[in-house]
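*Asks:*
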Amino acid sequence: MPGYTKRLGRELSDLKTNPAVGISVFQADDFRIWLIDIQVMDDNPLYVGKTFRLQFRFTPTYPIEAPEVQFIRSLGREIPMHPHIYSNGHICLDVLGSGWSPIQTVGSVSMSIQSMLAGNDRNERPPDDARYVASAPISPKQTRFVYHDDNV
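As numbered in the numbering used here, the sequence shown has no gaps in its residue numbers, which increase by one up to the final residue, 169.
1. Give the single residue among 106, 68, 73 and 121 whose Cα lies nearest to the Cα of residue 47.
2. Taking only three categories from DSSP, how would you classify residue 95?
3. Using only CA atoms, which one of 124, 89, 140 and 50 lies nearest to residue 65?
4. From residue 117 to residue 82, what distance separates their C-alpha atoms?
5. Which ranges would you report for the beta strand (DSSP E) in the segment 21 to 98 if only whole runs of at least 3 residues count?
6. Is it buried or exposed for residue 127, if we count other Cβ within 10 angstroms and need 16 for buried?
7. Taking only the alpha-carbon atoms, compute the straight-line gap between residue 106 and residue 159 and give it to the nearest angstrom.
8. Just the C-alpha distance for residue 27 and residue 98, rounded to the nearest angstrom, thanks.
9. Can you give the Cα-Cα distance for residue 143 and residue 151, rounded to whole angstroms?
10. Out of 147, 24, 124 and 59, which one is the CA nearest neighbour of residue 193?
11. When the Cα atoms are used, what is the spatial distance from residue 56 to residue 62?
12. Given a cut-off of 8 Å on the beta-carbon distance, is the pair residue 54 and residue 70 in contact?
13. DSSP on residue 102, reduced to helix/strand/coil?
14. Sort out for me which residues DSSP pairs residue 108 with in a bridge.
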């Protein structure tokens, strides 16, 4: 069993036995793609009663390199409105790019995204959403995001 699958096996076990409030494993049948559901657990009116789905894609370079993480649409799940989340599900968050550290886990990334949503009070997309989505790569990891605004 390659090292990254051992690591993911431990992470999956931890996510299932010690789940953070509002974060749950929807699907993790292999070590390539996991689907994680998150809810914002405060009174934020933008997200009350909503559950969002994150897709994590792993390669054998995990955890040295960050997984590919994005929101996906599926039955009953939408892409959350947020100034750092594009309408195609791509997320502009430093821990998914240059701020990544191998100490990060699926759980810690999910909690970072959950916290990012909880702190938001703006029901809007990034200002360049239409332009970005029209020419965005399939993988958000191929985008060189500029992390200049951590106010939301």
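Ideal Cβ positions, reconstructed from N, Cα and C, are used throughout, including at glycine. Here the structure is a predicted model, which means the values were calculated and not measured.
*Replies:* In short, the structure shows the following:
1. Among 106, 68, 73 and 121, the Cα nearest to that of residue 47 is on 73.
2. Note: residue 95 maps to coil in three-state DSSP.
3. Looking at the Cα atoms, 140 is the closest of the given residues.
4. Between residue 117 and residue 82, the C-alpha separation is close to 7 Å.
5. Secondary structure within the segment 21 to 98: the beta strand (DSSP E) runs of 3 or more consecutive residues, fully enclosed, are 40 to 44, 50 to 55, 69 to 74 and 85 to 89 (chain order).
6. Looking at its Cβ environment, which holds 16 or more other Cβ atoms inside 10 Å, residue 127 is buried.
7. One C-alpha to the other measures close to 14 Å.
8. Cα-Cα distance, rounded: 32 Å.
9. Those two C-alpha atoms are separated by around 13 Å.
10. No information on residue 193 is available, as it lies outside the stretch 18 to 169 that the chain covers here.
11. Those two C-alpha atoms are separated by around 12 Å.
12. Contact: yes.
13. Three-state result, residue 102: strand.
14. DSSP lists 102 as partners of residue 108.
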